[in-house]
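Those letters in the sequence shown? Residues 252 to 799, by our numbering. Read the structure below first, then the notes.
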Amino acid sequence: MRSDVGASLFYLTRLKRQELNRLNGGALRRLHGDTKSAAPVSLAVSGRYLCRRCRRMVPLAETRRQYASLPSIGNVQIAVEYVTYPTKEREMPAIDNIDMFVVLMLENRSFDHMLGYLSLTGGNANGLSSDPAWLNNFTNVYAGQSYPVHRLGPDVTSIPDPPHDRAPIATQINTPCAPGGCPELGGFVQSYATRAIPAPNLADVMGYYDAAALPTFDFLARHYTVCDNWFAPLPSGTQANRLMAMAGDSAVSDNVQGLSFIPDQPLVYDWLRERGIPWCVYQSGSFFPFFSLMKKWLPEIITSLTLPHDDVGGSFRRYARFAADWQSNAIMPKVIFIEPEYTDGPHFNANDDHCPTGIAGGQAFVADVYRTLTSNPDRWKNTLLIVTYDEHGGFFDHVSPLPIAANVAGFPFETTGLRVPAVLVSPYVTAGGVFSGKLDHTAILQLLAEKLDSNGTYSPAVSARNSHLDRLSSALNVAPVAEAPPALSGNTGATFNAPFNVPLKTGQSGSNQGFHAVALQVARDHPHLLMSPQWADLAQYVTTYGKH
Numbered sequence: 252m253r254s255d256v257g258a259s260l261f262y263l264t265r266l267k268r269q270e271l272n273r274l275n276g277g278a279l280r281r282l283h284g285d286t287k288s289a290a291p292v293s294l295a296v297s298g299r300y301l302c303r304r305c306r307r308m309v310p311l312a313e314t315r316r317q318y319a320s321l322p323s324i325g326n327v328q329i330a331v332e333y334v335t336y337p338t339k340e341r342e343m344p345a346i347d348n349i350d351m352f353v354v355l356m357l358e359n360r361s362f363d364h365m366l367g368y369l370s371l372t373g374g375n376a377n378g379l380s381s382d383p384a385w386l387n388n389f390t391n392v393y394a395g396q397s398y399p400v401h402r403l404g405p406d407v408t409s410i411p412d413p414p415h416d417r418a419p420i421a422t423q424i425n426t427p428c429a430p431g432g433c434p435e436l437g438g439f440v441q442s443y444a445t446r447a448i449p450a451p452n453l454a455d456v457m458g459y460y461d462a463a464a465l466p467t468f469d470f471l472a473r474h475y476t477v478c479d480n481w482f483a484p485l486p487s488g489t490q491a492n493r494l495m496a497m498a499g500d501s502a503v504s505d506n507v508q509g510l511s512f513i514p515d516q517p518l519v520y521d522w523l524r525e526r527g528i529p530w531c532v533y534q535s536g537s538f539f540p541f542f543s544l545m546k547k548w549l550p551e552i553i554t555s556l557t558l559p560h561d562d563v564g565g566s567f568r569r570y571a572r573f574a575a576d577w578q579s580n581a582i583m584p585k586v587i588f589i590e591p592e593y594t595d596g597p598h599f600n601a602n603d604d605h606c607p608t609g610i611a612g613g614q615a616f617v618a619d620v621y622r623t624l625t626s627n628p629d630r631w632k633n634t635l636l637i638v639t640y641d642e643h644g645g646f647f648d649h650v651s652p653l654p655i656a657a658n659v660a661g662f663p664f665e666t667t668g669l670r671v672p673a674v675l676v677s678p679y680v681t682a683g684g685v686f687s688g689k690l691d692h693t694a695i696l697q698l699l700a701e702k703l704d705s706n707g708t709y710s711p712a713v714s715a716r717n718s719h720l721d722r723l724s725s726a727l728n729v730a731p732v733a734e735a736p737p738a739l740s741g742n743t744g745a746t747f748n749a750p751f752n753v754p755l756k757t758g759q760s761g762s763n764q765g766f767h768a769v770a771l772q773v774a775r776d777h778p779h780l781l782m783s784p785q786w787a788d789l790a791q792y793v794t795t796y797g798k799h
């Protein structure tokens, strides 16, 4: 048999799942043993060939076929179809080069605000322009004053938090600009002016940073691939968009207010666990990962974070141990979620970029993640790091949301949210590349499904949404771009030293109130933890703010 010929079984009757599993475990292995020169044995069901090697379904119409008979197996009549792969299938798909996925999601910045400068320096990203007509078109007008797009100086380090819940975002993307200007994306300044505590400088939301303020991102943009059409899934706040990123759907349409938890719903953690795929969360700082806001996960989070540092570790770990884990000989999870120290939560050194926290801490944090990942060549050579943001945070972006309608928790959204920064970091992406496929956070779930699910499906909701989007896997190359990763050297920013969050006050965000509720509940349910050095910061927080 030719070396590029694979064998598949085309079932003439419907088989129950257990029969498929039995056959795949027994008869198919025997058949494979008789065809050692063939490609791996797989199943062809309903006219589609399941290519195990490329982990996706290939239409049989794309192949040349030869048939042979085979005796029945049990009561199942089958026929053998020898499939000659088309040339494109003889190459290993790019996603098969990736064995480890690392996802880092920061907070509340738009694409133009953080990466729009790339197009001003000769880059191909769809960013900002110095053309006077372009600038006039996107100038916001409020109370008779014009607010053009402009560069933020190095002294602009702490910006009062712009509104970024569902209602203010509606103002930002739908309010007309000045006469003759754009029909939308003109309400950023108006929204900022009407926040609970007036901002001292309304122009800040129209500002952008450049390479001098973003040394880590500038390095990654030059050596790896920027995605310039990555949108927040919903024109809403943090909670709904992080749920979309981690579940493909959301039980809330806006941030939950008050001392309340997010409603329980299945997350990608469940999806991975059901498939026996190891995963973990590394949480920066000494407090809580985001989904401590979900009661279902809080007990496991507390248990995992309390494990000794010299242990293999649970599914939730401190980021402080990430480098040691990565550089060790221990088996690492295939999917890793790295979370920053949240401004909305109790914190000492927030590094999530959420205003009023500055961006220096985030640059230092991303740099540390990159240096850690590239410090172990054996692991790095098959790793993909995805860095993005949950939503735009109220900052200007010039690209209209995608017209993808979605009914989320009873609210009829008509579009996605605005663009957010996104960078793909791996040996298998183009250096200095720009991927302009249309994406949102659910593209991460689809990517995991392409790699880790035999049907390439995460959920019906994700499949439906991704019918409007491009595939993140299309940004990957078949061959590595460079043998060794470029070194990130020099100053990449400093941590942002901040006190604990202030006690709850009227107007604080839903996530802030939620994290406060988590801290108080953990103190009530696990008072012994407050005596442990591992939870000393929590004890101090509860002592300081527990009565508020």
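The C-beta atom is built at its ideal place from N, Cα and C for all residues, glycine as well.
Handout entry: Sequence-distant residues of its chain with Cβ nearer than 7 Å to Ser651 (five each side left out)
Key = Taking the sequence shown and counting its residues from 1, the one referred to as residue 651 is at position 400. For Ser651, same chain residues with a beta-carbon under 7 Å away, outside a window of 5 residues either side, are Glu435, Leu436 in chain order.
Practice task
Let me know the alpha helix (DSSP H) ranges lying completely inside the region 352-403, each 4 residues or longer, listed in chain order.
Solution key: 362-365, 383-388, all fully within the region 352-403.
Problem - Cut-off 8 Å between Cβ atoms - residues of its own chain near Val793, not counting five sequence neighbours on either side - result: Mapped onto the sequence shown, residue 793 falls at position 542. Excluding residues up to 5 positions away in sequence, Ala770, Leu771, Ala774, Leu781 lie with their Cβ nearer than 8 Å to the Cβ of Val793 in the same chain.
Problem - With 16 other Cβ atoms within 10 Å as the buried cut-off, status of Asp406 - result: Mapped onto the sequence shown, residue 406 falls at position 155. By the neighbour-count definition (other C-beta atoms within 10 Å, threshold 16), Asp406 is an exposed residue.
Practice task
Compute the distance between the beta-carbons of Ile420 and Pro486, then report whether it is under 9 Å.
Solution key: For the purposes of this step, residue 420 is taken as the residue at position 169 of the sequence shown. For the purposes of this step, residue 486 is taken as the residue at position 235 of the sequence shown. Taking 9 Å as the cut-off, the Cβ atoms of Ile420 and Pro486 count as close.
Problem - Range covered by the alpha helix (DSSP H) that runs through Pro628 - result: Here residue 628 refers to the residue found at position 377 when the sequence shown is read from its first residue. First-last of the alpha helix (DSSP H) with Pro628: 628-631.
Handout entry: Among Arg526, Asn600, Lys547, the one whose alpha carbon lies nearest that of Phe538
Key = As a working mapping, residue 538 is identified with position 287 in the sequence shown. The residue with the shortest Cα to Cα distance from Phe538 is Asn600.
Exercise for the section: Can you have a look at Thr338 and say buried or exposed, based on whether 16 or more other CB atoms are within 10 angstroms of its CB? Expected result: On the sequence shown, position 87 is the one that residue 338 refers to. Legend: pLDDT at Thr338 = 33, less than 50; position of this residue unreliable, no value from coordinates given.
Handout entry: Anticipated Cβ contact below 8 Å, Tyr459 with Leu403, distance rounded
Key = Looking up residue 459 in the sequence shown gives position 208. Looking up residue 403 in the sequence shown gives position 152. About 6 Å separates the Cβ atoms of Tyr459 and Leu403, confirming a contact at the 8 Å cut-off.
Exercise for the section: Please specify which runs of the alpha helix (DSSP H), each continuous and at least 4 residues long, are wholly inside the region 505-590, giving them in chain order. Expected result: As far as the region 505-590 is concerned, its whole alpha helix (DSSP H) runs of at least 4 residues are 519-525, 549-556, 573-578.
Practice task
Could you pull the start and end residues of the beta strand (DSSP E) that Tyr640 belongs to?
Solution key: Taking the sequence shown and counting its residues from 1, the one referred to as residue 640 is at position 389. Per DSSP, Tyr640 belongs to the beta strand (DSSP E) from 634-640.
Handout entry: Cα-Cα separation, Ser222 to Arg526
Key = What the structure shows of the chain is the stretch from 252 to 799, and residue 222 is not part of that stretch, so it cannot be assessed.
Problem - Backbone CA spacing between Thr554 and Leu669 [nearest angstrom] - result: Walking along the sequence shown from the start, residue 554 turns up at place 303. Walking along the sequence shown from the start, residue 669 turns up at place 418. Thr554 and Leu669: Cα-Cα distance of roughly 37 Å.
Problem - Any 3 or more C-beta pairs closer than 8 Å across the region 466-478 and the region 680-687 - result: Counting Cβ pairs under 8 Å, three or more are found: they touch.
Exercise for the section: Assuming Val671 contacts Thr639 (C-beta within less than 8 Å), just tell me the rounded distance between them. Expected result: Against the sequence shown, residue 671 aligns to sequence position 420. Against the sequence shown, residue 639 aligns to sequence position 388. Correct: roughly 6 Å between the Cβ atoms.
Problem - the region 377-394 in contact with the region 717-731 per 3-pair CB rule at 8 Å - result: No: the two stretches stay apart, fewer than three of their Cβ pairs being nearer than 8 Å.
Exercise for the section: Would you mind working out which of Ala660, Ile695, Asp788, Thr372 sits nearest Val354, comparing C-alpha positions? Expected result: By one-based count along the sequence shown, residue 354 stands at place 103. It is Ile695 whose Cα lies nearest to the Cα of Val354.
Exercise for the section: Check each candidate in Ser725, Ala700, Asn717, Phe541 and name the one with the smallest Cα separation from Phe482. Expected result: For the purposes of this step, residue 482 is identified with residue 231 of the sequence shown, where counting begins at 1. Of Ser725, Ala700, Asn717, Phe541, the residue nearest in Cα terms is Asn717.
Handout entry: Residues of its chain near Leu357, where Cβ-Cβ distance is below 7 Å and the 5 sequence neighbours each way are ignored
Key = Position 106 of the sequence shown holds residue 357. Excluding positions up to five away in sequence, the list reads Pro591, Asp603, Asp604, Gly613, Tyr640.
Exercise for the section: Please classify Leu274: is it buried, with 16 or more other beta-carbons within 10 angstroms of its beta-carbon, or exposed? Expected result: Position 23 of the sequence shown, counting from 1, holds the residue named residue 274. Its pLDDT being 35, under 50, Leu274 is placed unreliably by the model, and nothing is read from it.
Exercise for the section: Please classify Leu723: does DSSP put it in a helix, a strand, or coil? Expected result: Working through the sequence shown from its first residue, we reach residue 723 at position 472. Note: Leu723 maps to helix in three-state DSSP.
Exercise for the section: Could you check what DSSP says for Phe766 in three-state terms: helix, strand or coil? Expected result: For this step, residue 766 is matched to residue 515 along the sequence shown. Note: Phe766 maps to helix in three-state DSSP.
Handout entry: Within 9 Å, strictly: CB atoms of Leu727 and Tyr679
Key = Here residue 727 corresponds to residue number 476 of the sequence shown, with the count starting at 1. Here residue 679 corresponds to residue number 428 of the sequence shown, with the count starting at 1. At the C-beta level, Leu727 and Tyr679 come within 9 Å of one another.
Handout entry: Whole-angstrom distance between Leu549 and Asp515, CA atom to CA atom
Key = Mapped onto the sequence shown, residue 515 falls at position 264. Mapped onto the sequence shown, residue 549 falls at position 298. The alpha-carbon atoms of Asp515 and Leu549 are separated by roughly 11 Å.
Problem - Buried/exposed call for Ile448, threshold 16 Cβ in 10 Å - result: Here residue 448 refers to the residue found at position 197 of the sequence shown. Looking at its Cβ environment, which holds fewer than 16 other Cβ atoms inside 10 Å, Ile448 is exposed.
Exercise for the section: Could you tell me the boundaries of the alpha helix (DSSP H) in which Ala615 lies? Expected result: Numbered from its first residue, the sequence shown carries residue 615 at position 364. 611-625 is the extent of the alpha helix (DSSP H) around Ala615.
Exercise for the section: From the DSSP output, in three-state form, read off Pro419 for me. Expected result: What you label residue 419 is simply residue 168 of the sequence shown in a count that begins at 1. DSSP places Pro419 in helix when its eight states are reduced to three.
Problem - Contact under 9 Å by Cβ, Ala454 with Tyr520 - result: As a first step, residue 454 is located in the sequence shown; it is residue number 203 there, counting from the start. As a first step, residue 520 is located in the sequence shown; it is residue number 269 there, counting from the start. For Ala454 and Tyr520, no; Cβs fall outside 9 Å.
Practice task
Note the first and the last residue of the continuous beta strand (DSSP E) segment covering Val477.
Solution key: Taking the sequence shown and counting its residues from 1, one reaches residue 477 at position 226. Taken as a continuous stretch (DSSP letters only), the beta strand (DSSP E) holding Val477 covers 476-478.
Practice task
Determine the direct distance from the alpha carbon of Trp530 to that of Glu665, and round the result to whole angstroms.
Solution key: Mapped onto the sequence shown, residue 665 falls at position 414. Mapped onto the sequence shown, residue 530 falls at position 279. So the two alpha carbons sit approximately 34 Å from each other.
Handout entry: Contact set for Pro517: own chain, Cβ-Cβ below 8 Å, skip 5 residues either direction
Key = The count along the sequence shown starts at 1 and reaches residue 517 at position 266. Excluding positions up to five away in sequence, the list reads Ala498.
Handout entry: Of the listed residues Ser725, Ile528, Tyr796, nearest to Ser687 (C-alpha basis)
Key = Working through the sequence shown from its first residue, we reach residue 687 at position 436. Comparing Cα positions, the closest option is Ser725.
Exercise for the section: Using three-state DSSP, classify Phe599 as helix, strand or coil. Expected result: Here residue 599 corresponds to residue number 348 of the sequence shown, with the count starting at 1. The DSSP-derived three-state label of Phe599 is coil.
Exercise for the section: Using a threshold of 9 Å, state whether the C-beta atoms of Phe468 and Met365 are closer than that. Expected result: For the purposes of this step, residue 468 is taken as the residue at position 217 of the sequence shown. For the purposes of this step, residue 365 is taken as the residue at position 114 of the sequence shown. Yes, they are a contact pair.
Exercise for the section: Return the first residue and the last residue of the beta strand (DSSP E) that Leu675 is part of. Expected result: Within the sequence shown, the letter at position 424 stands for residue 675. 673-676 is the extent of the beta strand (DSSP E) around Leu675.
Problem - Ordered list of beta strand (DSSP E) runs contained in the region 677-732, each at least 3 residues - result: If we require 3 residues or more, the beta strand (DSSP E) runs fully inside the region 677-732 come out as 684-686.
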